[in-house]
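Residue numbers (my numbering), protein chains in the order written: chain U, 7 to 397; chain B, 29 to 258.
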């Protein structure tokens, strides 16, 4: 009933016709708005991608709670704490399992061109769970032999064609920290801002590769609790009962802790947000230019409409609708190119840059705001339309 | 409600000035005139004598500074913008230039006039626009843009647009000035015929001596004053 009414009341789509009868102008407008949109998609995508990348490994941990040293500031500067604390944590009635993890950067030698590069190495007891991946347990079995490592196939190419060689059945051996190791499996973790690549090994091998590490010291303690127990509660009571040389937090806040480091202690957030703001401003200027010249060009026609009896409000509506149409027409190509460029970024940098609904809608509203704001400023020009001047 | 027995237009002792202070110029001097419903009145006079100014005042496009202007019985002196705007919907205007919207086809241009009628459905308004274009003899050019039409055709579209809003007063400012004589004649005849079918009064400003005979009444203006005609 209501729709029928609207159909009945509808008028000539003047805004649409004004725009589409000038193909060149609208093409320029769409190109400009899309460019601004793409810029925002890229900048914000990179920013969020970098933040997400800093926790790729964190997210895969099979844990409810995490113990770290209070001196640890981020994944690139982890401090050790006594492994005994993890054993003490077992005393809590809700805790059902723990895994001690060593976490440090070691030098990896590329077996193809023999150059070395810093890689993030994780050491753990292979009999205990580490990652949520279902296949991981089988691969971890192989680490029970000394000198075996699992290599992350999402690591940057500079570490050598390890995954290819391994999958083709070749025996892959190289040096880590100056000691010979053999790749006994492939995992998929993903590089982060701090680490270009990852490898997983047993604690025994880890300590062998990095002899400076004190025997009883670990960097991360993973704690699993009974199903249905109140995690925040366990965190509180463990923090109370354990000495102050460890800090207990839920896995979620551990992830936030890491992201927060990159957000607040580095300039990434500022740089990329500024980049997105530049895109926004460029877009505003372009849309304003287009709408302003459109209104100026059609000023006599607007004046004629006013003389015919159209009121200023309905003409302002035409300009507003032009802004709205431009925002939709500019957003769609921006979104599609955004998707395309994200895929390109993923394949070339292996950063987890994904199109999220939040970002897609934030940018949509930014573009809408940009177009409507510019339309609002361009409307001022309409006040110059004087119907008395057209006779 | 506007009383139907009142005059379409009543003007008494209308004065108008342009400019401020030293530069102030008296362009209309105590004009008084009337137009009855269905009357066709032609206004002639040398250029610069204030004809167009008078037209814009009647068309509610300018503020009345001094004197009485009643259109359909409504006082325009001191009328607010909204009143003038609403009044304009009942006044059709045809300009010297055609003033069609360049981005709209002939049919859409006419519909911009018809769209002012709120109580008709989209379909009805569309049908009316087509009807008007047929009436002005442009049924074969409905979807053409103004740039593809000849001068006479454009002026016909402008007439159709002005009449599509069902005005009760039609103001035309030299509608034939851009046309050759035979086309001009056709246009004026058409204008008169269609206006009378609608019981719409016409006030036309013209220089063109060849079309004076369509008028019921002739008014002459000189130096901002109406000159009594024989």
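Virtual Cβ for every residue (Gly too), placed ideally from N, Cα, C.
| Item | Value |
| --- | --- |
| Any chain U beta carbon closer than 8 Å to residue 141 of chain B | yes |
| The segment 82 to 101 of chain U contacting the segment 374 to 394 of chain U, beta-carbon criterion three pairs below 8 Å | no |
| Between the CA atoms of residue 358 of chain U and residue 156 of chain B - distance to the nearest angstrom | 60 Å |
| Integer Cβ distance of residue 69 of chain U from residue 229 of chain U, believed to fall under 8 Å | 6 Å |
| C-alpha gap between residue 204 of chain U and residue 293 of chain U, whole angstroms | 46 Å |
| Sub-8 Å separation of residue 66 of chain B and residue 224 of chain B beta-carbons | yes |
| Residue span of the beta strand (DSSP E) that contains residue 253 of chain U, given as start and end | 253 to 256 |
| CB contact below 8 Å: residue 329 of chain U versus chain B | no |
| Limits of the beta strand (DSSP E) - the one that residue 46 of chain B falls within | 37 to 46 |
| Whole-angstrom distance between residue 62 of chain U and residue 179 of chain U, CA atom to CA atom | 26 Å |
| Whole-angstrom C-beta distance between residue 160 of chain U and residue 195 of chain U, which should lie under 8 Å | 6 Å |
| Three-way DSSP call (helix, strand, coil) for residue 11 of chain U in this model | helix |
| Partner residues on chain U for residue 131 of chain B, Cβ-Cβ distance less than 9 Å | 20, 23, 24, 25, 26, 27, 28, 304 and 307 |
| Test: residue 95 of chain B CB closer than 8 Å to a CB of chain U | no |
| Selection from U:332, U:163, U:343 and U:135 that minimises the alpha carbon distance to residue 208 of chain U | U:135 |
| Entirely enclosed alpha helix (DSSP H) segments - the segment 201 to 258 of chain U, minimum 4 residues | 209 to 215 and 237 to 247 |
| DSSP state of residue 72 of chain B mapped onto helix, strand, coil | strand |
| Identity of the residues DSSP links to residue 127 of chain U by a beta bridge | U:110 and U:205 |
| Test item: CB-CB of residue 84 of chain B and residue 282 of chain U under 8 Å | no |
| Assumed close pair residue 86 of chain B, residue 190 of chain B - CB separation to whole angstroms, cut-off 8 Å | At roughly 14 Å, the Cβ-Cβ gap does not stay under 8 Å, so residue 86 of chain B and residue 190 of chain B are not in contact. |
| Check whether residue 116 of chain B and residue 88 of chain B have beta carbons under 8 Å apart | yes |
| Chain B contact for residue 384 of chain U (CB, 8 Å cutoff) | no |
| Nearest neighbour of residue 162 of chain B, chosen from B:218, B:40 and B:52 [CA to CA] | B:218 |
| Endpoints, the beta strand (DSSP E) within which residue 170 of chain B is located | Where residue 170 of chain B is concerned, there is no enclosing beta strand (DSSP E), given that its DSSP letter is neither H nor E. |
| Minimum C-alpha distance to residue 175 of chain U - residue among U:190, U:162 and U:185 | U:190 |
| Chain-ordered residues of the segment 233 to 250 of chain B with a beta carbon less than 8 Å from chain U | none |
| For residue 180 of chain U, the first and last residue of its enclosing beta strand (DSSP E) | 179 to 182 |
| Coil, strand or helix - residue 359 of chain U by DSSP | coil |
| Close beta carbons around residue 19 of chain U, own chain, < 7 Å, minus the five adjacent residues each side | none |
| Which listed residue (U:104, U:164, U:329 and U:331) has its alpha carbon closest to that of residue 201 of chain U | U:164 |
| Within 8 Å, strictly: CB atoms of residue 185 of chain U and residue 214 of chain U | yes |
| Contacts that residue 149 of chain B makes with chain U (C-beta to C-beta distance below 7 Å) | 14 |
| Collapsed DSSP secondary structure at residue 242 of chain B in the structure displayed | helix |
| Runs of beta strand (DSSP E) lying entirely within the segment 276 to 320 of chain U, each at least 3 residues, in chain order | none |
| Cβ neighbours of residue 200 of chain B in the same chain (closer than 6 Å, five flanking residues each side left out) | 122 and 232 |
| Residue 348 of chain U, buried or exposed, once every other Cβ within 10 Å from all chains shown has been counted against 16 | buried |
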